[in-house]
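Peer 1: Questions regarding the structure given below will be posed in turn.
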Ligand code: GLN
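What follows is the structure in structure tokens.
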């Protein structure tokens, strides 16, 4: 017998609640609306409609994955970030709302440079889905971007996301560990590198620990390995008057600033995330 959406929503919510998922009702709505290709609002007005057995089975399979602590957007395979939709894959971190703070911070710098020079080149180190770089390219039409990653899977996903969002003409990819294979200078360097201390990674919630790639989370013993690697070569790859924008862990502002100050940079700007934690640092060369 065909099931109504209302019944499937209630059944899904109850199953997720029984599995201890705190956001059971919301997750049920996101999963079902995502699978049906409907907005949350549209789903609410269609509760009396039925779906066929195949769709009911797909919904139940998705709910079972969520009950086993897989994140909603991993199950759906894509997630929205800064108004664009990004496909996820095994080697890509799921874009987080906090990371939109980094995009917000970099757009005025990109626009100022583009207004002065007529163009602006950005490199996104450890690009993953490409979310940061592509969101910026979408907002700043004169900009061109390079996304680097150590993972071919991530680079293929980033290229796919550029294509889906109509940005592939201005986006290139390069397989590289931080700056290792990067040539030339850029007006803007951005990165959301792994910054969690190795011994903490194990304590993360199962959604993150089991489903986000460890290489995108684990920043080494003190969480700062990637910043150290980036700081060491940043001067060689930054144009005059260029800026570096980094996402950081909530308690890393002093330590990351010290690493960049030691390489001849100064803290130019910083921003907090929606939760009020230090989340973004912007550096310029000392004296510029
Ligand atoms: N913000 C991510 C988390 O909370 C960590 C991302 C990173 O290490 N860059 O899991």
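Numbering (our numbering), first residue to last: 7 to 294.
We put the beta carbon where it would ideally sit given N, CA and C, even for glycine.
Is any heavy atom in the ligand GLN found nearer than 7 angstroms to the beta carbon of residue 102?
Peer 2: The answer is yes for residue 102.
Peer 1: Please return the same chain residues whose Cβ sits closer than 8 angstroms to the Cβ of residue 58, not counting the five positions on each side in sequence.
Peer 2: The answer, listed in chain order, is 8.
Peer 1: For residue 165 versus residue 157, is the C-beta spacing smaller than 8 angstroms?
Peer 2: No, Cβ-Cβ distance for residue 165 and residue 157 is not below 8 angstroms.
Peer 1: Using only alpha-carbon positions, find the residue among 212, 120, 187, 291 that is nearest to residue 275.
Peer 2: Out of 212, 120, 187, 291, 291 has the C-alpha closest to the C-alpha of residue 275.
Peer 1: What would DSSP say about residue 94, mapped onto helix, strand or coil?
Peer 2: Here residue 94 sits in coil by DSSP.
Peer 1: I want to check one thing, is the minimum distance from the CB of residue 167 to the heavy atoms of the ligand ZN below 7 angstroms?
Peer 2: With respect to the ligand ZN, the structure shown offers nothing to examine, as its ligands consist of the ligand GLN.
Peer 1: According to DSSP, simplified to helix, strand and coil, what is residue 188?
Peer 2: Note: residue 188 maps to coil in three-state DSSP.
Peer 1: Below 8 angstroms CB to CB, which residues in the same chain sit around residue 190 once its five sequence neighbours on both sides are set aside?
Peer 2: Around residue 190: 243.
Peer 1: Please report the distance separating the alpha-carbon of residue 101 from that of residue 87.
Peer 2: The straight-line gap from Cα to Cα measures roughly 7 angstroms.
Peer 1: Residues in the same chain with beta-carbon distance under 6 angstroms from residue 97, minus the five sequence neighbours each way, listed in chain order, please.
Peer 2: Contacts found: 157, 159, 160, 219.
Peer 1: Using only the alpha-carbon positions, how far apart do residue 60 and residue 41 sit?
Peer 2: Going from the Cα of residue 60 to the Cα of residue 41 covers about 12 angstroms.
Peer 1: Between which two residues does the beta strand (DSSP E) holding residue 178 run?
Peer 2: 177-181 is the span of the beta strand (DSSP E), which, as asked, contains residue 178.
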